[in-house]
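Participant: Residue 212 is where the sequence shown ends in our numbering, and the numbering goes up by one at each step.
Okay, here's the structure, questions in a sec.
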Amino acid sequence: MKKTIFLLFAIISFSHSYSQQTTDLDALLRNLGKQDQEVRLNLNRVVQQGIADSILHYAEVMATTDQTNQLQVKQILKNGVPANLSAEAYKAIFLIVDHADVKYQKRYFTPLNKLSKQGLIKPYDIATLRDRILMHSNKKQIFGTQTIAKPIVITDNSSSPQLTSYVWAVKNPAKLEARRAEVGLSSIQEQIKAHASHGYQLIYDPTLSKRDILALTKSPNK
């Protein structure tokens, strides 16, 4: 009887400990996701305002934040993706992988794709990551989620600059909208309107090659 009670107590204690670890990990990931988004919102704000010093500052903060977040997520995922996390925590993992370099993205694409098939990551998120890997590998994307910004020149006397981006080259453009709809993405035209509402010009021209787009977005100093 005493052995049974002790075993039951041990099971309950382990269950409580595991639950607490999951809760702590979930909170950590949600906080990392919050940091990831906050620094990008701040950078986007100062880019729209054309504040050169602030742009440089937040770009550096973003790079540092991303590096720190990626190291933590790498440690978390070393034994596989944890189970029983919140949707927000899984979203944070996606964001941090999505904002990493292509080597890091490729390393974790398969486990994240598995999460997507389990309904733990949105189909449009894994589609975005797939496109990003393709673009960073100098290949055509599938869902049209990736864009390249035209460099802007900011001077002390300049007003808020016109921010222009080009949709990276797409495979089989004729079926692009159908593919986007399958994963829950809005149409390209709706994306263009959404960018315009935030002061950005988004250009989608399916006749442009990868080389054309790279030439159009080349830095004037190169």
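Heads up, the beta-carbon is just placed ideally off N, CA and C, and yes, glycines get one too.
Everything numeric in this text was worked out from a predicted model, so none of it was measured.
#1: Could you tell me the distance, in whole angstroms, from the CA atom of glutamine 179 to the CA atom of histidine 126?
#2: Please confirm whether valine 63 has its beta-carbon closer than 7 Å to some beta-carbon of chain C.
#3: Hey, how far is the Cα of threonine 12 from the Cα of asparagine 21?
#4: Could you give the C-beta distance for isoleucine 86 and aspartate 26, rounded to a whole number, given that I count them as a contact under 8 Å?
#5: Please work out which residues of its chain come closer than 6 Å, Cβ to Cβ, to leucine 192, disregarding the five sequence neighbours upstream and downstream, and give them in chain order.
#6: Please classify serine 106 as buried or exposed, where buried requires at least 16 other C-beta atoms within 10 Å of its C-beta.
#7: Given 6 Å as the limit, tell me if glycine 23 has its C-beta closer than that to any heavy atom belonging to the ligand PLP.
#8: Whether or not the stretch 191 to 208 and the stretch 36 to 50 are in contact is what I'm after, with contact meaning three or more pairs of Cβ atoms, one per stretch, closer than 8 Å; do they touch?
#9: Can you find the residues in the same chain that come closer than 6 Å, C-beta to C-beta, to lysine 140, ignoring five residues on each side of it along the sequence?
#10: Round the Cβ separation of isoleucine 132 and arginine 122 to the nearest angstrom and send it over; I've been treating them as touching at under 8 Å.
#11: Which value, in whole angstroms, describes the spacing of the CA atoms of tyrosine 94 and aspartate 56?
#12: Counting only the same chain and skipping the five closest in sequence on each side, list residues whose C-beta sits under 8 Å from that of lysine 130.
#13: Name the DSSP beta bridge partners of tyrosine 190, please?
#14: Go ahead and pull the three-state DSSP assignment for valine 29.
Facilitator: Considering the structure as presented:
#1: Distance from the CA atom of glutamine 179 to the CA atom of histidine 126, rounded to whole angstroms, is 24 Å.
#2: This model lacks chain C altogether; it includes just one protein chain.
#3: Approximately 14 Å between the Cα atoms of the pair.
#4: Indeed they touch by this definition, with Cβ atoms about 6 Å apart.
#5: Here the set comprises Ser155, Ile182 and His185.
#6: Here serine 106 is buried. Its C-beta has 16 or more other C-beta atoms within 10 Å.
#7: The ligand PLP is not among the ligands present in this structure, which contains no ligands whatsoever.
#8: Flag = no, the stretch 36 to 50 and the stretch 191 to 208 do not touch.
#9: Close CB contacts of lysine 140 within its chain, under the 6 Å cut and outside five residues either way in sequence, are with Thr154 and Thr207 (chain order).
#10: By a beta-carbon distance limit of 8 Å, isoleucine 132 does not contact arginine 122. Their separation comes to about 11 Å.
#11: Their backbone Cα atoms lie some 12 Å apart in a straight line.
#12: Shown here for lysine 130: same chain residues with a beta carbon closer than 8 Å to its own, the five before and five after excluded, namely Leu124, Trp158, Ala159, Val160, Lys161 and Lys200 in chain order.
#13: DSSP output for tyrosine 190 lists Leu153 as bridge partner(s).
#14: Here valine 29 sits in helix by DSSP.
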